[in-house]
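Data block below; observations after.
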Amino acid sequence: MSGPNLLQPEPTRLPEGADGDARVVLSRGGDPREAARQVPSSSLAWALLAERALADEGDPVAAYAYARTGYHRGLDALRRAGWRGQGPIPADHGPNQGFLRALLALAEAAEAIEEDAEAERCTQFLIDSGTSAAEVAALR
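At position 112 of the sequence shown (counting the first as 1) the number is 105 in my numbering, and the numbers step up by one without a gap.
Written out as structure tokens, the structure reads:
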């Protein structure tokens, strides 16, 4: 399939999958740690842990580890959904948001530990996915 300009791939829209299961855990009063324990393949659960480690705990090293886990879980899900390493990953599609939030948290944590090349790569990945750090941050 081709996108609007015939060269760009169609947007990748993840199925509800693991992030949907994590949302159920969270909606029942579970915290992100419990969601990650019950649904370890959820990018959203790991992204939430990373965001909390950055914002509330001031622990960018833990945030980096959580975010990297969520990022890799998201890459696995994207590949299963047919993503081939490029093309839009719409932020307005709920099931994509866990991956995108993990990617943003990875960029922020990398910046906090002065892993500048990683921070820049992650920020560029957001742009290449058709979104921005600001758009993804607004999902929090």
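Glycine included, each C-beta is placed from N, C-alpha and C at the ideal position.
Only a predicted model underlies this, so the values are computations on that prediction, with no experimental measurement involved.
Neighbour flag for residue i against chain C, beta carbons, 9 Å
i	result
A130	Within the model displayed, chain C is absent; a lone protein chain is all it includes.
Reference residue i; option with closest CA among the options
i	options	result
L119	P81, P2 and A55	P81
T124	E27, P83 and A110	P83
Q1	G78, E107, R73 and V129	G78
Neighbour-count burial assignment, residue i, 16 or more Cβ in a 10 Å radius
i	result
R66	buried
V32	buried
L7	buried
S35	buried
G51	exposed
A70	buried
A110	exposed
M(-6)	Low per-residue confidence applies at M(-6): pLDDT is 45, beneath 50, and the placement is therefore not dependable, though the value from the model is reported in the following sentence. Exposed.
Helix, strand or coil at residue i [DSSP, three-state]
i	result
V32	coil
R21	coil
G63	helix
A131	coil
R16	helix
At least 3 beta-carbon pairs within less than 8 Å: the stretch 98 to 113 vs the stretch 49 to 59: yes
Three-pair Cβ contact test at 8 Å for the stretch 40 to 50 versus the stretch 89 to 99: yes
Segments assigned alpha helix (DSSP H), at least 4 residues, entirely inside the stretch 72 to 128: The qualifying runs are 90 to 105 and 109 to 121.
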